Each structure stands twice: as C-alpha cells, then as structure tokens.
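In the numbering used here, the protein residues as written are 18 to 229.
Yeah, the Cβ is synthetic: ideal placement off N, Cα and C, and Gly gets one too.
Quick caveat: nothing in here was measured; it's all calculated off a predicted structure.
Below is one structure; the comments refer to it alone.
In structure tokens, the structure reads:
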C-alpha cells in the first residue's frame, strides 16, 4: 500500500522534457492502475507475465483493473455505476458436491437506474482478440453473464481486450433454434493512446446502452 501511494505521488510530480517525454504515455496508464481502490501492486506479482526490472506483472489482473476503472468512470458520466457481482448479485451454483463454489462473476458489472435496474456485464481479456476469434470458453462465460444479468429484450455483454495496433470493434451474435441467445460486443482499446482516448469504444457502448 505504502509503495503504491509513493509511486502515485511520484507520477503526479513527474515533469517531462525531451529526454524523458517517451515515458509520459506509460506513466499515464500506470497512474490509472495505481489509483484504483487505493490499492497496491503486490497482487499484480506473478510467476509469469510482463517483466518490469526484477518483477513479473500479472497482466490479466492489471488489464482487469484498467478496464474496471475505465468502465466505472464512463458509467458515472451517464448516470450508472459499478456494482459488486458477488453477494446478492452473484450467479451461484447449488446442489453440487461442494458448497464453496465461487460465483460466476464478470470483471465489471455496470448498473443503470430504471423501473427495473439494467445491468451490463463486461469481461476484461488480456488476449490477442484483435487478431483471432473469441474462444468457446469465453463465449460460454459471457452467455452465462447474459443469462444472469441482461434483460430478455437486450441480451448484451462485452469483452474488452488490448488493441496494440489500434481500436477494433466487432459484434458476435449467438443464435439457436429459439432465436438469439446473446450479443457480445468485442472491443479492442488502442493502447498506444492515453487511457481517456483509448476508452472511446467502451464509452460508445456504455452511452448507447444507458440511453435505451
């Protein structure tokens, strides 16, 4: 905790010249992570991941934090908020051999006020989905979130992944004999841009969803 607080303060005091200007974008993304929930970075350490000096960063957790903070910031602009997907809002399994099964929990669950609250589940995937198809495991996962949280007339969820070559957007529609099972928006965020600009595909989705 202390280390992250000191790091955030150092970033806030950073001054850039022609000698260190190339670090500015990386520092901007780092600042977004360091301020999340006033949390630290110890849980980002892992045995595999991106090397930073003598440490290895868990990029799955890092990306999840980035997407959660982005989604929270955008949702508040449109009257929504990020809510916990555990507890009363958890999707649980009962009747199996164990009573300690973890709930099915999306990385981000946004809630927007209405006569019946409307939920938008979002999963952060640190995967190369800009270049390859979404695998069946992730499609099954998002369909579970749609079944648990989405309204029948708007069976929507989203996957947010890095887009190192630029922003990408595509829509997966999953159908069966009885019609549409779910719609999954697959959004790639341009990680070459500052966070507030990179978040534009996510902002577009949330704005449209909040207006319905």
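- Nearest in C-alpha terms to residue 137, of all of 100, 196, 205, is 100.
- With a minimum length of 3 residues, the unbroken runs of beta strand (DSSP E) contained wholly in the region 167-213 fall at 173-179, 185-193, 196-206.
- Under the DSSP assignment, residue 135 falls in the beta strand (DSSP E) whose first and last residues are 135-141.
- Rounded to the nearest angstrom, the gap between the Cα atoms of residue 111 and residue 122 is 15 angstroms.
- Taking the C-beta atoms as reference points, residue 176 is found nearer than 9 angstroms to residue 151.
- Annotated three-state conformation of residue 151 is coil, per DSSP.
- Under the DSSP assignment, residue 121 falls outside any alpha helix (DSSP H); it carries neither an H nor an E label.
- If the five residues before and after residue 179 are omitted, its C-beta is found closer than 6 angstroms to the C-beta atoms of 208, all from its own chain and listed in chain order.
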